[in-house]
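Student: In our numbering, the protein residues as written are 592 to 784.
Every residue gets a Cβ at the ideal spot worked out from N, C-alpha and C, and that includes glycine.
Sharing a structure with you now.
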């Protein structure tokens, strides 16, 4: 109920207040419950793309919280291989990436680009925080998947797109993607060294 209102309320202040309330609730429940709830909000079955993006931001926050404990709790799904097993299919699924693979990009959905910015931010934080590779994100296989399914396609999209001055939001998203891609490449190159 709160997540729907936080996504659809016509008043932006009400949406922000409801989202803050939702965030506080998620931060208070057990990690296993938060894990499932965020997964549901981030999935493509959730009808509101703005909440799907926000859910990935919350996911990143929960990963930071999990890795702030030294060592992370053994039963925390945000610091375990379960994280990528459950979330990779959600994070790598994007109509923009699928369209790019199929026939080249014809149009860009600004909200989806903002979601992809959040996805890149999530992977950057996970790569930076999971130094002991508790989730498996630093394994050669997962780095290859990250590059093949996300970094490579987004690099091609960002290099092919002309600066889009008529849509400042899209321009900002494309710049954010470029910066995020550089940061991910930087951290991946340090892992390999």
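Give me the Cβ distance between residue 741 and residue 710, rounded to the nearest whole Å; I'm assuming they're in contact under 8 Å.
Tutor: For the purposes of this step, residue 741 is taken as residue 150 along the chain shown, with counting starting at 1. For the purposes of this step, residue 710 is taken as residue 119 along the chain shown, with counting starting at 1. So it is a contact: roughly 7 Å between Cβ atoms.
Student: Out of 612, 766, 747 and 673, which has the shortest C-alpha to C-alpha gap to residue 654?
Tutor: The count along the chain shown starts at 1 and reaches residue 654 at position 63. Looking at the Cα atoms, 673 is the closest of the given residues.
Student: Could you give the distance in angstroms between the alpha-carbon of residue 782 and the alpha-carbon of residue 682?
Tutor: Position 191 of the chain shown holds residue 782. Position 91 of the chain shown holds residue 682. Rounded to the nearest whole angstrom, the C-alpha separation of residue 782 and residue 682 is 22 Å.
Student: Which residues bound the alpha helix (DSSP H) around residue 635?
Tutor: The residue you call residue 635 lines up with position 44 of the chain shown. Element bounds for residue 635: n/a, residue is neither H nor E.
Student: Starting from the Cα of residue 607, find the closest Cα among 628, 660, 645 and 625 and give me that residue.
Tutor: Along the chain shown, one-based indexing puts residue 607 at 16. Checked all of 628, 660, 645 and 625; the closest Cα to residue 607 is 645.
Student: Is the region 730-737 in contact with the region 662-672, if contact means three or more CB pairs nearer than 8 Å?
Tutor: No contact exists between the region 730-737 and the region 662-672.
Student: Is the separation between the beta-carbon of residue 566 and that of residue 726 shorter than 8 Å?
Tutor: The structure shown does not extend to residue 566, since the chain is modelled only from 592 through 784, so no value can be given for it.
Student: Are residue 704 and residue 768 touching if we call contact CB-CB under 8 Å?
Tutor: Your numbering for residue 704 matches position 113 in the chain shown. Your numbering for residue 768 matches position 177 in the chain shown. Yes; because the gap between Cβ atoms is below 8 Å, this pair is in contact.
Student: What number of angstroms, rounded off, separates the C-alpha of residue 595 from the C-alpha of residue 603?
Tutor: For the purposes of this step, residue 595 is taken as the residue at position 4 of the chain shown. For the purposes of this step, residue 603 is taken as the residue at position 12 of the chain shown. Their Cα atoms are separated by approximately 13 Å.
Student: Can you give me the Cβ contacts of residue 745 inside the same chain, cut-off strictly under 7 Å, excluding the 5 residues immediately before and after it?
Tutor: If you number the chain shown from 1, residue 745 lands on position 154. Excluding sequence neighbours, residue 745 sits near 707, 768 and 772.
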